[in-house]
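Heads up: the structure comes next, in structure tokens.
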Amino acid sequence: MSIAFPQPDQSILARRDAILAGLAAILPEDALITSEDERRVFDTDALTAYRRMPLAVVLPRTTEEVSAVMRFLHGEGVNIIARGAGTSLAGGAIPQEDAVVIGVARLNQMLEANFADRTARVQAGITNLAISQAVSHAGFFYAPDPSSQLACTIAGNIAMNSGGAHCLKYGVTTNNLLGVTMVLVDGEVVEIGGAHLDSPGYDLLGLITGSEGQLGIVTEATVRILRAAEGARPALIGFDSAEAAGACVAAIIAAGILPVALEYMDKPAIHVCEAFAKAGYPLDVEAMLIVEVEGSEEEIADALARIVAIAEDFSPRTLRVAQSEAEAAAIWKGRKSAFGATGRVADYICMDGTIPTGQLPFVLRRIDEIVKSYDLRVANVFHAGDGNLHPLVMFDSAKPGDMEKAEHAGEDILRLCVEVGGCLTGEHGVGIEKRDLMTHQYAPADLAQQMRVRAAFDPGWLLNPAKVFPLEGRVAA
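Position one of the sequence shown corresponds to residue 30 (the numbering used here), numbered consecutively onward.
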């Protein structure tokens, strides 16, 4: 399947010089990118199979500059694409030829850390990991930790409601976000939520989180920071079958145990990651779990003993608990490197469906059958504890038709997730990748209501158009 893009508005393209002149009049010289070579850097995101050259790129440093640009572009009827670090795997930041990209990467400062109230106020272009680094000296951290946390911005985390390996215990972005400063499509600046734990009125913060840049551009955020645990320790558990590993995950969750992380890797993923990270992964197993618990030494020992007892029921081939910080770091280096390590050996698309954890054994078996039916390979590495799957469907971009087969296999996997009671996305968002599958999860009335909410914020559909919702059937507020 080839993902469709709308035809660019020729009237906007014809007025490009005037639009650029208008932007230049309200921005510092280094904040506007217009040359073709420099714009090319922004023509795609991590879904690199699709590219579109934007009309221009703006890199503001303040909320006021974002507001001025939004007000001007709204008046000109120009489409706007919000961009953080461009790590979206669903094509959420891919522009259009008649759109201006507004990147927030220069809005990257820690503004305030309030350790008494356990909050931090940050600019939206700060990286996920930088927040934890800024508060670690006081024994605090920011919990959501996507694999791209070294590069991804809080703006993108909010847009896609990102999670990460430790979301099983600490939740995803929406569980750790308290307030935002957001610029609406017409340039108006609004403050939603704040440092308090709850707000009266409608939950607009919940609406904004996961809205994929279609309601406004977030320039600042107030997030929850947490006291770091006394200690943490991961364990590796290897199994002779994917079904056994999936059943073990379901049993751990059913027993009421809440590890801080519960990650799954199958044999192809284990071999790819071990070749890259040299983490000491077992190479003679079909599937492996990384189970991490935290707390005091006594709490860690008790939780691991219970987990080991459960795992023994599924005849593990390997069961090893990290004995040092270096060994623990190596275990996580392998897991965090999975996407990059896979990219060394094959092209791939990374899916992002979510399922009930009790369906893991069945779904893992069906994923393997689906991918093999297209004569392709798959490496599974995902957040098993909350059922957020990340099958990496591998293909050869130099082989005609191979990418299309991978896309079809990915669609079948996502349909499977919905059919077993799950949903199309856990943390990557819909973007363009899953846009045309939204009708598989939602009835027409459901989609129409979502589009009415979107149109209430942006009646002209200028913000990140052609994403999330099918191109046909747009509705007004």
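Think of the CB as a built atom: it goes at the ideal place given N, C-alpha and C, for glycine as much as any other residue.
Candidates 192, 90, 111: closest to residue 455 by CA position: Among 192, 90, 111, the Cα nearest to that of residue 455 belongs to 192.
Bridge partner(s) assigned by DSSP for residue 255: Looking at the DSSP assignment, residue 255 forms a beta bridge with 170.
CB contact flag (residue 238, residue 210, <7 Å): Judged by their CB atoms, residue 238 and residue 210 are not nearer to each other than the 7 Å cut-off.
Residue 185: first and last residue of the uninterrupted alpha helix (DSSP H) it sits in: Note, residue 185: alpha helix (DSSP H), 183-189.
Those residues which DSSP pairs with residue 141 across a bridge: DSSP lists 150 as partners of residue 141.
Between the CA atoms of residue 460 and residue 83 - distance to the nearest angstrom: So the two alpha carbons sit approximately 17 Å from each other.
Whether residue 257 touches residue 170 by CB criterion (7 Å): Less than 7 Å divides the Cβ of residue 257 from the Cβ of residue 170.
Extent of the continuous beta strand (DSSP E) run through residue 109: Here the beta strand (DSSP E) through residue 109 covers 108-112.
Inter-residue CB distance, residue 133 and residue 153 (contact presumed, cutoff 8 Å): Contact check for residue 133 and residue 153: beta-carbon distance about 5 Å, within the 8 Å limit, so the pair qualifies.
Contact the region 202-218 vs the region 436-455: 3+ CB pairs below 8 Å: Verdict: no, contact absent.
Distance CB(residue 298)-CB(residue 363) smaller than 7 Å: Cβ distance not < 7 Å, so residue 298 and residue 363 don't count as in contact.
Segments assigned beta strand (DSSP E), at least 3 residues, entirely inside the region 180-252: Counting only runs of 3 or more, we get 206-212, 218-222.
For residue 405, the nearest candidate out of 415, 162, 433 (CA to CA): Per the Cα distances, 433.
Rounded separation between residue 438 and residue 400 - CA only: Near 6 Å, if we compare the C-alpha coordinates of residue 400 and residue 438.
For residue 103, the first and last residue of its enclosing beta strand (DSSP E): That residue, residue 103, is in no beta strand (DSSP E); its alpha helix (DSSP H) goes 92-105.
Reference residue 120; option with closest CA among 74, 112, 98, 135: With distances taken between CA atoms, residue 120 lies nearest to 74 out of 74, 112, 98, 135.
Distance between beta carbons of residue 196 and residue 381, contact taken as under 8 Å: That pair is no contact at about 13 Å.
With 16 other Cβ atoms within 10 Å as the buried cut-off, status of residue 345: It counts as buried.
Contacting residues, own chain, Cβ-Cβ under 7 Å from residue 464 (five flanking each side not counted): If we look at residue 464 and ignore the five residues flanking it on each side, its Cβ neighbours are 496, 497, 498, 499.
Validate contact between the region 260-280 and the region 336-356 using beta carbons, cut 8 Å, 3 pairs: By the C-beta criterion, the region 260-280 is judged to be in contact with the region 336-356, since at least 3 inter-stretch pairs fall below 8 Å.
Buried versus exposed call for residue 481 [16 or more other C-beta atoms within 10 Å across all chains shown]: The residue in question, residue 481, is exposed, as its Cβ has fewer than 16 Cβ neighbours within 10 Å.
Chain-order list of residues whose beta-carbon lies under 8 Å from that of residue 476 (same chain, five-residue window excluded): Cβ within range, chain order: 467, 468, 498, 499, 502.
Contact between the region 378-396 and the region 323-340 (3+ Cβ pairs under 8 Å): Taking 8 Å as the limit for Cβ pairs, the verdict is that the region 323-340 does not touch the region 378-396.
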